[in-house]
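Numbering (the numbering used here), first residue to last: 3 to 401.
All C-beta atoms in this analysis are idealised placements derived from N, C-alpha and C, irrespective of residue type, glycine included.
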Amino acid sequence: MNISDRIANISASPTLAMAAKAAAMKAAGENIISMSLGEPDFPTPAHVKQAVKDAVDADMSHYGPVPGTPGLRAAAAKYMSGFAGQENLFRAEDIIVSVGAKQSICNAIETLVGKGDEVILPTPCWVSYTEMVKLAEGVPVMVRTTMDNDFILTPEALEAAITPRTKLIVLCTPNNPTGAVYSSENIEALAQVLKRYPHVAIIADEIYNQICYTGTCATWATQTELLDRLIIVNGVSKAFAMTGYRIGWLACKDQTFIKACTRLQGQQITCATMVAQYAAQKALEGDLGCVAEMTKAFERRRNLIVELAQDVPGFKVRSPKGAFYLFPDVTALFGKRAGDKVIRTADELCEYLLTDGHVACVSGAAFGEPTCLRISYACSEEQITEAMRRIRAAVERLK
Ligand code: PMP
Ligand code: GLU
3 MNISDRIANI SASPTLAMAA KAAAMKAAGE NIISMSLGEP DFPTPAHVKQ
53 AVKDAVDADM SHYGPVPGTP GLRAAAAKYM SGFAGQENLF RAEDIIVSVG
103 AKQSICNAIE TLVGKGDEVI LPTPCWVSYT EMVKLAEGVP VMVRTTMDND
153 FILTPEALEA AITPRTKLIV LCTPNNPTGA VYSSENIEAL AQVLKRYPHV
203 AIIADEIYNQ ICYTGTCATW ATQTELLDRL IIVNGVSKAF AMTGYRIGWL
253 ACKDQTFIKA CTRLQGQQIT CATMVAQYAA QKALEGDLGC VAEMTKAFER
303 RRNLIVELAQ DVPGFKVRSP KGAFYLFPDV TALFGKRAGD KVIRTADELC
353 EYLLTDGHVA CVSGAAFGEP TCLRISYACS EEQITEAMRR IRAAVERLK
């Protein structure tokens, strides 16, 4: 069959592709440590598992409202308002629940972006933003941030990228893949610029906001003057170790947007899985101590991996302030030889680390930064220690 141009033009998710490759190698009996996927390894909290059982027993097996169940929308509104420190900032009607934050972002882009519209993406950025923009026939406008500036977008770079065709900017804090966390001052500085350009909408992807090592994570939701064109994305995948439940949501104060986006979702999925929505509701309403515990464990892992990575020759490392990714600059290794083969790029280094070191990572090129590698540390301290031992040994074998 002939595939449409729209789909032929998008690439497969490199994070998922690498995870699948590592899984296939493991299944074939190879001893691979997979640090490719951003997926917490913790079990789902017990009270959430119980909620699933209750939902099944209560026959929550029928269609529900398109934008989500009233219970989950109310719980998400409260949860999101809490981050902004403003009770009732968001109400249930400001929330649309989707099949993972991935779908929330995709739907928001689809709802706002038309053919030729420009979407500013500070890079490095999560692999799916560019393809989602292309799917909507928009034009991704990549604006590079650098390690020297802690991968924070500057107001000057933002302003220089805005044109009359700019429709949207997608910002991510804490950031995948860099681990950068925007302080309230960083957000304020960018907000000052955006206030001057009312034609630009903003998606703030804050899916990692609970996994933050700098104390409270600043949120775009405090930017009250921007609320009429701001969409904030969150979900249960990362904070509650519930990636497979596939529940995420967006919050937006513009009801015109909410209605349009709900129309799209109604033609697309009807609603997210009812049992999973109930489980997510109970996660948000329950004791958040489990989230804090997991974040503490991530912080210990962060400290461990940073320490070990500093001993890998050729790795230039910044300590991530949030999320669970290490993003070292590896350019010092380009030009080195593995036997007959010269390692020229992060892709080639990644391939070498997989085949020779038996550790799966993702090339920074997938995130728009070909000087770096992404190593996910959402795995045990034992695995981190062994993986970094293997990486170091493999790098030391390069000539
Ligand atoms: N945003 C970012 C930055 C992510 O890393 C992910 C991880 N998949 C998502 C959104 C989507 O998360 P999910 O669909 O699992 O809710
Ligand atoms: N967000 C995770 C990652 O970056 C999961 C995979 C994906 O959805 O891309 O690894």
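Residue i beta carbon near the ligand GLU (any heavy atom closer than 6 angstroms)
i, result
"residue 286", "no"
"residue 109", "no"
"residue 15", "yes"
"residue 178", "yes"
"residue 217", "no"
"residue 39", "yes"
C-beta atoms of residue i and residue j nearer than 7 angstroms
i, j, result
"residue 111", "residue 138", "yes"
"residue 154", "residue 204", "no"
"residue 243", "residue 96", "no"
"residue 256", "residue 230", "yes"
"residue 103", "residue 250", "yes"
"residue 69", "residue 98", "yes"
"residue 129", "residue 17", "yes"
"residue 212", "residue 293", "yes"
"residue 53", "residue 284", "yes"
"residue 331", "residue 374", "yes"
"residue 266", "residue 109", "yes"
"residue 189", "residue 220", "yes"
Cβ-heavy atom distance, residue i to the ligand PMP, below 6 angstroms
i, result
"residue 43", "no"
"residue 2", "With the chain represented from 3 up to 401, any question about residue 2 goes unanswered, as that position is not in the structure."
"residue 297", "no"
"residue 250", "yes"
"residue 181", "no"
"residue 246", "no"
"residue 363", "no"
Contacts around residue i, its chain only, beta-carbon distance under 7 angstroms, and the 5 residues preceding and following it disregarded
i, result
"residue 198", "none"
"residue 315", "397 and 398"
"residue 192", "155, 157 and 160"
"residue 349", "365 and 367"
"residue 363", "37, 38, 352, 355, 375, 376 and 377"
Residues near residue i by beta carbon distance below 8 angstroms, same chain, minus five either side
i, result
"residue 327", "40, 178, 179, 180, 181, 376, 377, 378 and 379"
"residue 302", "383"
"residue 226", "none"
Cβ separation of residue i and residue j, assumed to be a contact under 8 angstroms, to the nearest whole Å
i, j, result
"residue 113", "residue 262", "5 angstroms"
"residue 124", "residue 145", "5 angstroms"
"residue 392", "residue 370", "With 8 angstroms as the limit, residue 392 and residue 370 do not qualify as a contact, their Cβ atoms being about 27 angstroms apart."
"residue 247", "residue 324", "Actually they are not in contact, since the Cβ atoms of residue 247 and residue 324 sit about 22 angstroms apart, beyond 8 angstroms."
"residue 72", "residue 94", "6 angstroms"
6 angstroms Cβ shell around residue i - same chain, five flanking residues per side excluded
i, result
"residue 276", "62 and 66"
"residue 389", "35, 37 and 361"
"residue 140", "115, 119 and 121"
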